[in-house]
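Residues in the sequence shown are numbered consecutively from 577, following the numbering used here.
For every residue, glycine included, the Cβ atom is placed at its ideal position computed from N, Cα and C.
Computed from a prediction, not measured in an experiment: that's the story for all the values here.
Data block below; observations after.
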Amino acid sequence: MWVGVPTAPSRPRGLATLPGMPNPFLSEEWMADVRAIRERHAGQTPPVTTSLKINQVVTDVPFGDGKVEPYLDTSSGHVVMEFGQLEDADATVTTDYATARILLVDQDPAAGMQAFLAGKVVVQGDMMKLMAMQTAIPRDETTEKIAEEIKAATA
Numbered sequence: 577m578w579v580g581v582p583t584a585p586s587r588p589r590g591l592a593t594l595p596g597m598p599n600p601f602l603s604e605e606w607m608a609d610v611r612a613i614r615e616r617h618a619g620q621t622p623p624v625t626t627s628l629k630i631n632q633v634v635t636d637v638p639f640g641d642g643k644v645e646p647y648l649d650t651s652s653g654h655v656v657m658e659f660g661q662l663e664d665a666d667a668t669v670t671t672d673y674a675t676a677r678i679l680l681v682d683q684d685p686a687a688g689m690q691a692f693l694a695g696k697v698v699v700q701g702d703m704m705k706l707m708a709m710q711t712a713i714p715r716d717e718t719t720e721k722i723a724e725e726i727k728a729a730t731a
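What follows is the structure, given as structure tokens:
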């Protein structure tokens, strides 16, 4: 379904970690860890009932060419985050690396709002769909566990 999706830059020399150790946020190794965490919990989370497709452009990345472009897609009823850009995205969010980490890993809504008001988060597209994301992804014990495992996997 995601034919031709480019991959993120590979880890620069000196960032190698041991298996099970945290990996740099948005590195290929980190994304592989996130996929594995989600696969371990497949079928244990409530479905996402709102279809959201959000492209992200993350700048000031401390590896590769300094930019990573992941997307978030819930149209399957599950949260899918991968590298690449969706042609039919509802919105594109551009932000710096540190802010992206606050939004995606720390999931701190107050810090996210402060970043938006400070101009660190630029949104193009359907702002209402983006705002719907705050309540679209159900929260339960398993989703909280997934979030904690992702935090633990993030260097």
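The beta carbon of I713 sits closer than 8 Å to those of V624, T650, V655 and T719, all from its chain and outside the five residues before and after it, given in chain order. Residue state for E724 is assigned as helix, using DSSP reduced to three classes.
Using a 10 angstroms sphere on the CB of Q700, the tally of other CB atoms stays under 16, which defines it as exposed.
Of the candidates H617, T711 and E663, H617 places its Cα closest to the Cα of E717.
Beta bridge pairing from DSSP links E658 with Y647. With respect to the 8 Å criterion, T671 and K643 are not classified as neighbours on the basis of their beta carbons. Burial check for P638: the Cβ neighbour count within 10 Å stays below 16, so the residue is exposed. The C-alpha of P646 lies about 8 Å from the C-alpha of V634. In this structure, N631 sits away from A676, with a CB-CB distance that is not shorter than 8 Å. With fewer than 16 other Cβ atoms from the protein chains shown falling within 10 Å of its own Cβ, A694 counts as exposed.
Annotation: G619 to A686 spans about 30 Å, alpha carbon to alpha carbon. A direct Cα-Cα distance of roughly 31 Å separates A612 from F692.
A distance below 7 Å between beta-carbons, with the five flanking residues on each side excluded, links D609 to the following residues of its chain, in chain order: N599 and A729. Contact annotation: L628 and M709 have beta-carbon atoms nearer than 8 Å. Nearest neighbour of G660 by Cα position, chosen from V698, P622, E604 and L706, turns out to be E604.
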